[in-house]
Amino acid sequence: MQYAIMRMKKIKSRASLVGLLKHNTREVMPKNADPARLDENAYTATTAEALSRYSSKLPEKVRKNAVHAVEVVLTASPDWFAKASKKEVKEFIDRSRAWLYDKFGRENELLLACHYDEKTIHFHADFIPLVDGKLNAKKLIGGSSYRMRELQDEFYARVGEPLGMERGEKQTRRKHTDPKDLNRLIKEVETERKAWNKELFKAMNEDFKGVFQKHGISAEDTHLFWKSVFDTFSRFKAIKKENEKTEVQENEVKKSRSR
Numbered sequence: 214m215q216y217a218i219m220r221m222k223k224i225k226s227r228a229s230l231v232g233l234l235k236h237n238t239r240e241v242m243p244k245n246a247d248p249a250r251l252d253e254n255a256y257t258a259t260t261a262e263a264l265s266r267y268s269s270k271l272p273e274k275v276r277k278n279a280v281h282a283v284e285v286v287l288t289a290s291p292d293w294f295a296k297a298s299k300k301e302v303k304e305f306i307d308r309s310r311a312w313l314y315d316k317f318g319r320e321n322e323l324l325l326a327c328h329y330d331e332k333t334i335h336f337h338a339d340f341i342p343l344v345d346g347k348l349n350a351k352k353l354i355g356g357s358s359y360r361m362r363e364l365q366d367e368f369y370a371r372v373g374e375p376l377g378m379e380r381g382e383k384q385t386r387r388k389h390t391d392p393k394d395l396n397r398l399i400k401e402v403e404t405e406r407k408a409w410n411k412e413l414f415k416a417m418n419e420d421f422k423g424v425f426q427k428h429g430i431s432a433e434d435t436h437l438f439w440k441s442v443f444d445t446f447s448r449f450k451a452i453k454k455e456n457e458k459t460e461v462q463e464n465e466v467k468k469s470r471s472r
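Below is the structure:
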């Protein structure tokens, strides 16, 4: 599947904004970026220039809970970029920029950064959410999941659909996971899975204990029986997953041929 992808993040302090800008301008290099491709990136400002814009636009009175900046990350599925021409990539960036300016105002731009040094090309856009001279992120991006779906629809209509992409699932509860948290989450899930399997294995043994004893089946043979059941189920899941992957690939081929 080739999807248009858009995420938004609220920045609630100057300190957070400084860290974000240093990441986006590569003054601080992330571990997953390729230093050899650093020259391919493009920025509209340095960190110092972006902070200067922010300071010059920041109102004198700022609420304690105000959103100081909004970051928008725009990208597409790796499959789309793998097949896209340079012209199509440029069109993706140009369309994205036009949508952002319509939404936040060009005058509120702090930094635009296009990163080519990671696995998938992506576009960072940082804006100060000024409305009538006041910080008002809620007016621009709302505060509900419904408003976010509207923004996703708008981005898809302006950028994704004209470039042949698909709209992502609506009302999904999936959240983007930062790479630095991914390994920790995988370990937690694996530990939980093993604990759950152990408890399930124990419960099933208890439930069928009388039946096995009645037929003179030893505890060791009982254990081997359930292990065989679990192994068979695991192989079945692996085959099912592979079949689903193959089906998706075949559908992609059919779609590309029909264009």
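For our numbering, add 213 to where a residue sits in the sequence shown, where the first one is 1. Ideal Cβ placement from N, Cα and C applies to all residues, glycine included.
Just how far apart, CA to CA, sit residue i and residue j?
i	j	result
G356	V280	12 Å
K277	N245	34 Å
H337	K300	20 Å
H236	R448	43 Å
M219	E363	12 Å
R319	A311	9 Å
M225	K453	Going by the sequence as given, residue 225 is Lys instead of Met. Distance between the alpha carbons of K225 and K453 is about 45 Å.
S431	A451	31 Å
S441	P291	39 Å
D315	R227	25 Å
V231	P243	15 Å
R371	H335	17 Å
L376	L353	25 Å
E240	F368	29 Å
A255	E455	39 Å
Taking the alpha carbon of residue i as the point to measure from, which residue in the options has its own alpha carbon closest?
i	options	result
Y216	A289, V241 and A282	A289
T259	Q365, R380, F368 and D339	D339
K303	H328, G318 and E320	H328
I341	A350, V286, I334 and H335	A350
L343	L287, R310 and S269	S269
A326	R362, L376, E320 and L233	L233
L287	S431, V275, L313 and E273	L313
P500	R250, R239, A451 and N321	Here the chain comprises residues numbered 214 to 472, so residue 500 is not present and cannot be evaluated.
E374	M361, D292, R308 and A249	R308
V275	Y256, L348 and F305	L348
F317	K332, T333, D444 and D345	D345
Assign residue i to buried or exposed, taking buried as 16 or more other Cβ atoms, counted over all protein chains shown, within 10 Å of its Cβ.
i	result
Y267	buried
Y359	exposed
R282	The amino acid at residue 282 is misidentified as Arg; the sequence shows Ala. With 16 or more other Cβ atoms within 10 Å, it is buried.
E253	exposed
T238	buried
E457	exposed
V285	buried
L251	exposed
L437	exposed
Looking at the ligand NAP, does it come within less than 7 Å of residue i, judged from the CB to the closest heavy atom?
i	result
A246	Among the ligands in the structure shown, none appear at all, so the ligand NAP cannot be discussed.
* To do: Tell me the start and end of each unbroken beta strand (DSSP E) in the region 257-345 that is at least 3 residues and wholly inside, in chain order.
  => 282-289, 322-328 and 335-340
* Say whether the region 260-272 touches the region 291-302, bearing in mind that this needs 3 or more beta-carbon pairs closer than 8 Å, one atom from each stretch. => no
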